[in-house]
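J.: Mind the numbering: the sequence shown is residues 18 to 322 in our numbering, read in order. Think of the CB as a built atom: it goes at the ideal place given N, C-alpha and C, for glycine as much as any other residue. Being a predicted model, the structure only gives us computed values, none of them experimental.
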Amino acid sequence: MRKYVGMMAIALCGLLCSASSAAQELNCNVEINTDKVQNANKDVFSTLQSAISDYMNTQKWTDAQFGKNEKIDCRLYFTINKYEEPNITADLQIQSTRPVYNSTYTTTLINFKDTKVEFTYENNEPLVFSEVNWESNLTAILNFYAYMIIAIDFDTFAPNGGDPYYEKAASIVRMAQSEGESGWKAFEDNKNRSAVLSAFTDKTTSGIREVLYDYHRKGLDEMVLSPDKGRLTISQTLATLKKVYDLAPMSVCLSMFKDAKMDELVNVYSKASRTEKDNAYDILKEMYPAEGTRLKKIKEETQQQ
18 MRKYVGMMAI
28 ALCGLLCSAS
38 SAAQELNCNV
48 EINTDKVQNA
58 NKDVFSTLQS
68 AISDYMNTQK
78 WTDAQFGKNE
88 KIDCRLYFTI
98 NKYEEPNITA
108 DLQIQSTRPV
118 YNSTYTTTLI
128 NFKDTKVEFT
138 YENNEPLVFS
148 EVNWESNLTA
158 ILNFYAYMII
168 AIDFDTFAPN
178 GGDPYYEKAA
188 SIVRMAQSEG
198 ESGWKAFEDN
208 KNRSAVLSAF
218 TDKTTSGIRE
228 VLYDYHRKGL
238 DEMVLSPDKG
248 RLTISQTLAT
258 LKKVYDLAPM
268 SVCLSMFKDA
278 KMDELVNVYS
288 KASRTEKDNA
298 YDILKEMYPA
308 EGTRLKKIKE
318 ETQQQ
């Protein structure tokens, strides 16, 4: 487990670590797929890929100390849908993972597709970071997801550990909304960036953050030493998630949890009792009725035992 796990209590008490001696937080792999714009000059996308990679991996996003082996592994995968120089329209797949304590296993935290990505980019244009000024829609999108990746990661190591970074993401959303850019408007779309932030910060759906901590820190991290104890906690997090569903069944946090965790949950319950399997299946089937095929794997393994 990362060394900064033990720092979370300190961070939450407001004591800031020295940034000068700390490595950057993200180990971000950036890929750009240009298959849909085959006639375009591809040099600009090669430059863009390098610029985004440098931006994500060299910017210091927090005041916390990270060792080189403690960085958050993440991936940004752009699919370019349209390019009319300098305007770019794309889909963006955001993924991040976290190590599980005392094991070689890594668990997915985010696996989300943003379909509202529009920005301008000139070949060799520098990407400039600012917390207080609007630089471009591209840097705003990158800043937003950097802070969301960090916030969600920190939430899995300490209760409400991501608070400072949700606040930074909220500042970006407010700035973008004042600029009138697509993908940021409140109530425009239940899966745009404003909706993603609201899912983790609104009181109605704030239970998702309790799920993040309990599922990972008390659930997966415990399973290596005590599988039954860890799995019991994960079962309890599903009950918490169901409360979020009852209050906000269309919240994007529910689909984000599904896309990150569905296959993993099948493995979590592979050695569970029939009762545990049945209870997990019933909760998940109510929340995700379209996932019957994958969820049946839980039931099928129960019947084979």
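Which stretch, first to last residue, makes up the beta strand (DSSP E) that contains Asp131?
T.: Thr123 to Thr137
J.: Considering only the alpha carbon of each residue, which of Phe62, Arg92, Thr125 and Tyr122 lies closest to Ser99?
T.: Correcting the residue identity first, residue 99 is Lys in this sequence and not Ser. Closest option to Lys99, Cα to Cα, is Phe62.
J.: Should the stretch 272-280 be called in touch with the stretch 298-317, which here means at least 3 C-beta pairs below 8 Å?
T.: yes
J.: Just the C-alpha distance for Ala187 and Asp180, rounded to the nearest angstrom, thanks.
T.: 11 Å
J.: With a CB to CB cut of under 6 Å and the five nearest residues on each side skipped, what residues in its chain are close to Val145?
T.: Glu152
J.: Between the stretch 39-50 and the stretch 114-131, are three or more C-beta pairs nearer than 8 Å?
T.: no
J.: Below 7 Å CB to CB, which residues in the same chain sit around Asn177 once its five sequence neighbours on both sides are set aside?
T.: Arg226
J.: With distances taken between CB atoms, is the gap from Lys88 to Gln55 smaller than 8 Å?
T.: Cβ distance not < 8 Å, so Lys88 and Gln55 don't count as in contact.
J.: Pop quiz: Phe274 and Leu258 are said to be a contact at Cβ under 8 Å. What is the actual Cβ separation, rounded to whole angstroms?
T.: 6 Å
J.: From Ile251 to Ser70, what distance separates their C-alpha atoms?
T.: 35 Å
J.: Take Ser199 and list the residues in its own chain whose beta-carbon comes closer than 7 Å to its own, dropping the five residues that flank it on each side.
T.: Non-local beta-carbon contacts of Ser199 in its own chain, meaning distances under 7 Å to residues more than five positions away in sequence, involve Lys133 and Glu135 in chain order.
J.: So, under 8 Å CB-CB, Ile189 and Ala216 are touching, yes? Tell me the CB distance rounded to an integer number of Å.
T.: About 16 Å; that fails the 8 Å criterion.
J.: Assuming Thr75 contacts Asn141 (C-beta within less than 8 Å), just tell me the rounded distance between them.
T.: Contact between Thr75 and Asn141 fails: their C-beta atoms lie close to 17 Å from each other, not under 8 Å.
J.: Under the assumption that Ile111 contacts Tyr182 (Cβ atoms under 8 Å), give the Cβ distance between them as a whole number of angstroms.
T.: About 15 Å separates the two Cβ atoms, so there is no contact after all.
J.: How big is the Cα-Cα spacing for Glu148 and Lys313?
T.: 47 Å
J.: Determine the extent of the alpha helix (DSSP H) in which Asn296 is found, giving its start and end residues.
T.: Where Asn296 is concerned, the enclosing alpha helix (DSSP H) starts and stops at Arg291 to Met304.
J.: Assuming Trp201 contacts Asn209 (C-beta within less than 8 Å), just tell me the rounded distance between them.
T.: Between Asn209 and Trp201 the Cβ distance is about 7 Å, and since that is below 8 Å, they are a contact.
J.: When you compare the CB positions of Thr137 and Asn104, do they come within less than 8 Å of one another, or not?
T.: yes
J.: Within the same chain, show all residues whose beta-carbon is closer than 7 Å to that of Met342, passing over the 5 residues directly before and after it, in chain order.
T.: Lying before the first or after the last residue shown, residue 342 is absent from the chain, which here runs from 18 to 322.
J.: Around the C-beta of Asn150, are 16 or more other C-beta atoms found within 10 angstroms, so that it is buried, or is it exposed?
T.: exposed
J.: Apply the 10 Å Cβ neighbour rule to Ala212 and answer buried if 16 or more other Cβ atoms are within range, or exposed otherwise.
T.: buried
J.: Quick one: which unbroken alpha helix (DSSP H) runs of 4-plus residues sit fully inside the stretch 207-236? Chain order, please.
T.: 210-218 and 224-230
J.: Can you tell which of Gly224, Glu317 and Met73 has the C-alpha that lies nearest to the C-alpha of Ser290?
T.: Glu317
J.: What do you get for Thr292, buried or exposed, if any count of 16 or more other CB atoms within 10 angstroms of its CB means buried?
T.: Exposed, by the Cβ-count rule.
J.: Does the beta-carbon distance from Val261 to Cys270 come in below 8 Å?
T.: In terms of Cβ geometry, Val261 and Cys270 form a close pair [threshold 8 Å].
J.: For Asp180, which beta-bridge partners are listed by DSSP?
T.: BP columns for Asp180 are empty, so no partner.
J.: Quick check on Val149: does DSSP put it in helix, strand or coil?
T.: coil
J.: For Asn154, count the other beta carbons within 10 Å of its own beta carbon; 16 or more makes it buried, fewer makes it exposed. Which is it?
T.: buried
J.: So, is Asn160 buried or exposed, given that buried needs 16 or more other C-beta atoms within 10 angstroms?
T.: It counts as buried.
J.: Comparing C-alpha positions only, which one of Asp108, Glu102 and Ser195 sits nearest to Thr96?
T.: Asp108
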